[in-house]
Amino acid sequence: ISDLDLNWLQVIGEGWASPLKGFMREGTLLEVLHFNSILVDPFNLTDNKDAHTSTTNFEKFTQFRAPDRVSMSVPITLSCTEYTKAAIDNSPHGAVALTTQMGNVVAILRNPEIYPNRKEEI
Numbered sequence: 003i004s005d006l007d008l009n010w011l012q013v014i015g016e017g018w019a020s021p022l023k024g025f026m027r028e029g030t031l032l033e034v035l036h037f038n039s040i041l042v043d044p045f046n047l048t049d050n051k052d053a054h055t056s057t058t059n060f061e062k063f064t065q066f067r068a069p070d071r072v073s074m075s076v077p078i079t080l081s082c083t084e085y086t087k088a089a090i091d092n093s094p095h096g097a098v099a100l101t102t103q104m105g106n107v108v109a110i111l112r113n114p115e116i117y118p119n120r121k122e123e124i
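In this note's numbering, the protein residues as written are 3 to 124.
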């Protein structure tokens, strides 16, 4: 990962991007882009508790939304190359090690969600 991505990883890891527990999935990214906030449901009142950590499935979105919003106007995503995408798709573990440019492993990205870059929206 680049130095910039490493800095975002540190922001997430230290909790400064709470309630995010990792890089944004597509559904969370769209919330941030269009509403400058994300929905939070810590007590799972609307069955959306894991919306920010599970794979985005637009067909299973519920009409009930979480009771709270958290202001978040900056998208925090991790880009990847076609080579990295192929490695993730072919991984039997469903995980990838994030390494710095110096070769140090800094994190494990489990169950990553790969989606198109929405550069027109960002």
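Note that beta-carbon positions come from the ideal geometry of N, C-alpha and C, so glycine has one too.
These numbers were taken from a predicted model, which means no experiment stands behind them.
C-beta contact flag for residue i and residue j at 8 angstroms
i	j	result
ILE3	LEU100	yes
PHE25	ILE78	yes
LEU11	ALA109	yes
ILE40	VAL72	yes
THR57	ASN113	yes
TRP80	ASP5	It is worth fixing the name first, because residue 80 is Leu in this sequence and not Trp. For LEU80 and ASP5, no; Cβs fall outside 8 angstroms.
GLU28	GLU122	no
Host alpha helix (DSSP H) of residue i (start-end)
i	result
THR30	28-37
ILE90	84-91
LEU198	A query on residue 198 cannot be resolved here, the shown segment of the chain reaching from 3 to 124 and no further.
Residue i, enclosing beta strand (DSSP E) - first and last residue
i	result
LEU22	Per DSSP, LEU22 belongs to no beta strand (DSSP E) and is neither H nor E.
LEU100	97-101
VAL72	70-73
Selected residue, minimal CA-CA separation from residue i, among the options
i	options	result
SER93	GLY29, LEU80, LEU111, ASN106	LEU111
ALA97	MET104, ASN106, THR86	THR86
ASN20	VAL42, ASP91, ILE90	Note that residue 20 corresponds to Ser in the displayed sequence, not to Asn. Ranking VAL42, ASP91, ILE90 by Cα distance to SER20 puts VAL42 first.
GLU33	TRP18, MET74, GLY17	MET74
VAL117	HIS95, ASN106, ILE90, MET104	Looking at the sequence shown, residue 117 is not Val but Tyr. Nearest of HIS95, ASN106, ILE90, MET104 to TYR117, Cα basis: ILE90.
Residues near residue i in its chain [Cβ-Cβ closer than 7 angstroms; skip 5 each side]
i	result
GLY102	Reading the sequence as shown, one finds Thr at residue 102 and not Gly. Hits under 7 angstroms: ILE3, LEU8, VAL108.
Residues near residue i by beta carbon distance below 8 angstroms, same chain, minus five either side
i	result
ASN119	SER81
6 angstroms Cβ shell around residue i - same chain, five flanking residues per side excluded
i	result
LEU35	GLU123
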